[in-house]
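Note that this note's numbering has the sequence shown beginning at 2, numbered continuously upward. The C-beta atom is built at its ideal place from N, Cα and C for all residues, glycine as well.
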Amino acid sequence: MSIPFYNFAELHHEEFRTEIKERISKIIDQGSFVEGEYNTLFENEFAKMQGAKHCLLVANGTDALEISLLAYGIKPGDKVGIPGITFYATGEAVLNIGATPILIDVEPSTGLMCPESVKRMSEAHDLKAIMPVHIYGLPCDMKALESVCAPKGIKIIEDAAQAQGAFVEKGKPVGSTNSLVTFSFYPTKNLSAFGDAGCILTQDDSMVETIKAIRNHGRGSETLLGRNSRCDHIQAATLHLKLKDVDRLNNQRKAHAKKYHELLEGMPFKLLDSKYIELSSWHLYPIQFESEELRKKAQAALVEKQIGCTAFYERSMKEEKVLSQCVGETENANNFSGKTLCLPIHPFVKEEDQKTISQTLKNAL
Ligand SMILES: *Cc1c(COP(=O)(O)O)cnc(C)c1O
Numbered sequence: 002m003s004i005p006f007y008n009f010a011e012l013h014h015e016e017f018r019t020e021i022k023e024r025i026s027k028i029i030d031q032g033s034f035v036e037g038e039y040n041t042l043f044e045n046e047f048a049k050m051q052g053a054k055h056c057l058l059v060a061n062g063t064d065a066l067e068i069s070l071l072a073y074g075i076k077p078g079d080k081v082g083i084p085g086i087t088f089y090a091t092g093e094a095v096l097n098i099g100a101t102p103i104l105i106d107v108e109p110s111t112g113l114m115c116p117e118s119v120k121r122m123s124e125a126h127d128l129k130a131i132m133p134v135h136i137y138g139l140p141c142d143m144k145a146l147e148s149v150c151a152p153k154g155i156k157i158i159e160d161a162a163q164a165q166g167a168f169v170e171k172g173k174p175v176g177s178t179n180s181l182v183t184f185s186f187y188p189t190k191n192l193s194a195f196g197d198a199g200c201i202l203t204q205d206d207s208m209v210e211t212i213k214a215i216r217n218h219g220r221g222s223e224t225l226l227g228r229n230s231r232c233d234h235i236q237a238a239t240l241h242l243k244l245k246d247v248d249r250l251n252n253q254r255k256a257h258a259k260k261y262h263e264l265l266e267g268m269p270f271k272l273l274d275s276k277y278i279e280l281s282s283w284h285l286y287p288i289q290f291e292s293e294e295l296r297k298k299a300q301a302a303l304v305e306k307q308i309g310c311t312a313f314y315e316r317s318m319k320e321e322k323v324l325s326q327c328v329g330e331t332e333n334a335n336n337f338s339g340k341t342l343c344l345p346i347h348p349f350v351k352e353e354d355q356k357t358i359s360q361t362l363k364n365a366l
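Below you can see the structure in the form of structure tokens.
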């Protein structure tokens, strides 16, 4: 019996399918294929859920990052700080607009951007912006990052692709800060479309027209160079329908995280600090080994039993060919990469699956 890493069958259950088919059928009847009524409905409701004033849908999470950089006026050659541990797209977005990534080091136990490293890098380089990533769904220490950046006028773009429903601190959702906050709704994320979609959150009224113009060929502006990053109506209709259920599904992820913390305590790898139980969106559940060899041993034992698991992130940004020329601080990130294994934590994982996983790890180590 296998335990999958993702479960789309239960996410897209019968009742959901019936409703989404009705919505898609209506969209076909209306011929309203891009930026329709569901786009506005979703934007309003998602902004509310994440504590933001505005939400602007775009075509995907990487575009959300690039458009945020452009909206802040980041120009070719400008220096932008990215964490050494993230999904590749964070660095790619900086390169795609011609800016220069500066590597910021991470916290050894989480892979989150380290505020002390931002401070040092902001003294060594003229940073125009930083892009902290709420990796795995864990919130970065935004207060500490803001206190380094605000006095120097360094802009902050939070990459929250994995953090739908996460909290920066108790009562403060990711999205409630004064940064531009970007999301991806790629099918594997906690809130997901039937293909590609993304969005940008902001509290700043003056950003809204800029972002709207950039995502739609510069329309509404005489001077801005735009692009096509509109969000399809079918994706917005899907997201709007799934939004009703995302809290419940995130709570199931949280319950699984709690259970794993109980079952795995005392084993020869590190668990995340339990303060994250309430704060993380639990997009992923990483466990951290002392060595890459031990991680590979655990992974092999799980794979042998057809248990889905992934070694996010096997390479730091410095270890990616395209970013290997980047300067900055890399020690903790290079040390972090390769040693982490993510266990299945989709909403439909069963307690008996978690027990099987924990027993398999126990036997293997
Ligand atoms: C998924 C993801 C992205 C990219 O999103 P796309 O929608 O695939 O472009 C960016 N950053 C992080 C951290 C991600 O997990």
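Close beta carbons around residue i, own chain, < 6 Å, minus the five adjacent residues each side
| i | result |
| --- | --- |
| Ala-90 | Thr-63 |
| Cys-327 | Pro-102 and Leu-104 |
| Gly-154 | none |
| Ser-3 | Gln-307 |
| Asn-8 | His-347 and Phe-349 |
| Leu-250 | Pro-348 |
| Asp-378 | As shown, the chain starts at 2 and ends at 366. That puts residue 378 outside it, with no answer to give. |
Paired residues, beta bridge with residue i - DSSP
| i | result |
| --- | --- |
| Gln-307 | Gln-307 pairs with nothing; no bridge assigned. |
| Asn-229 | Asn-217 |
| Cys-343 | Pro-287 and Thr-311 |
| Glu-159 | Val-182 |
| Thr-101 | Lys-80 |
| Val-107 | Met-114 |
| Ala-130 | Val-81 and Lys-156 |
| Gly-329 | Leu-104 |
| Ile-25 | The partner list for Ile-25 (beta bridge, DSSP) is empty, contrary to what the question assumes. |
| Ile-4 | Ile-308 |
| Val-35 | Asp-233 |
CB contact flag (residue i, residue j, <8 Å)
| i | j | result |
| --- | --- | --- |
| Ser-184 | Ala-65 | Rather than Ser, the amino acid found at residue 184 in this sequence is Phe. Their beta carbons are under 8 Å apart, which means Phe-184 touches Ala-65 by this criterion. |
| Leu-70 | Ala-198 | no |
| Lys-173 | Gly-52 | yes |
| Ile-157 | Ala-125 | no |
| Ile-180 | Val-169 | In the sequence as presented, Ile is not what sits at residue 180; that position holds Ser. No, they are not a contact pair. |
| Ser-282 | Ala-167 | yes |
| His-257 | Val-350 | yes |
| His-135 | Asp-160 | yes |
| His-241 | Tyr-39 | yes |
| Leu-303 | Thr-361 | yes |
| Phe-43 | Ala-162 | no |
| Leu-285 | Gly-138 | yes |
| His-55 | Val-175 | no |
| Lys-255 | Ile-278 | yes |
| Phe-6 | Pro-345 | yes |
| Gly-92 | Met-318 | yes |
| Pro-109 | Asn-336 | yes |
| Leu-202 | Gln-165 | no |
| Leu-280 | Pro-140 | yes |
Beta-carbon proximity list for residue i, same chain, < 8 Å, skipping 5 on both sides
| i | result |
| --- | --- |
| Lys-298 | Ala-365 and Leu-366 |
| Gln-300 | Cys-310, Ala-312 and Leu-342 |
| Gly-227 | Ala-214, Ile-215, Arg-216, Asn-217, His-218, Gly-219 and Arg-220 |
| Glu-315 | Ser-338 and Gly-339 |
| Leu-146 | Met-114, Pro-116, Val-119, Ile-131, Pro-133 and Ile-157 |
| Gly-37 | Ile-28, Gln-31, His-234, Ala-237 and Ala-238 |
| Glu-291 | Pro-269, Phe-270 and Lys-340 |
Same chain, Cβ closer than 7 Å to residue i, neighbours up to 5 away in sequence not counted
| i | result |
| --- | --- |
| Val-35 | Arg-231, Asp-233 and His-234 |
| Lys-213 | Leu-57 and Gly-221 |
| Gln-253 | Pro-348 |
| Glu-332 | Asp-106 |
| Lys-356 | Leu-264 |
| Tyr-261 | Tyr-286, Leu-344 and Gln-355 |
| Ser-33 | His-234 |
| Gly-329 | Ile-103, Leu-104, Ile-105 and Met-122 |
| Ile-75 | Val-81, Ile-98, Ala-100, Lys-129 and Ala-130 |
| Ile-68 | Val-59, Ile-201, Ile-212, Ile-215, Arg-216 and Ser-230 |
| Ser-359 | Leu-264 and Leu-265 |
| Lys-363 | Met-268 |
Proximity test, residue i beta-carbon vs ligand 2 heavy atom, cut-off 7 Å
| i | result |
| --- | --- |
| Asn-252 | Among the ligands present in this structure, namely ligand 1, ligand 2 is not found. |
Taking only runs of the beta strand (DSSP E) that begin and end inside the region 162-221, which ones reach a length of at least 3 residues, in chain order?
168-170, 181-185 and 199-203
Which runs of the beta strand (DSSP E) spanning at least 3 residues fall entirely within the region 245-314, listed in chain order?
286-289
As an exercise, report each continuous beta strand (DSSP E) stretch of at least 3 residues that is fully enclosed by the region 46-94, in chain order.
55-59 and 80-84
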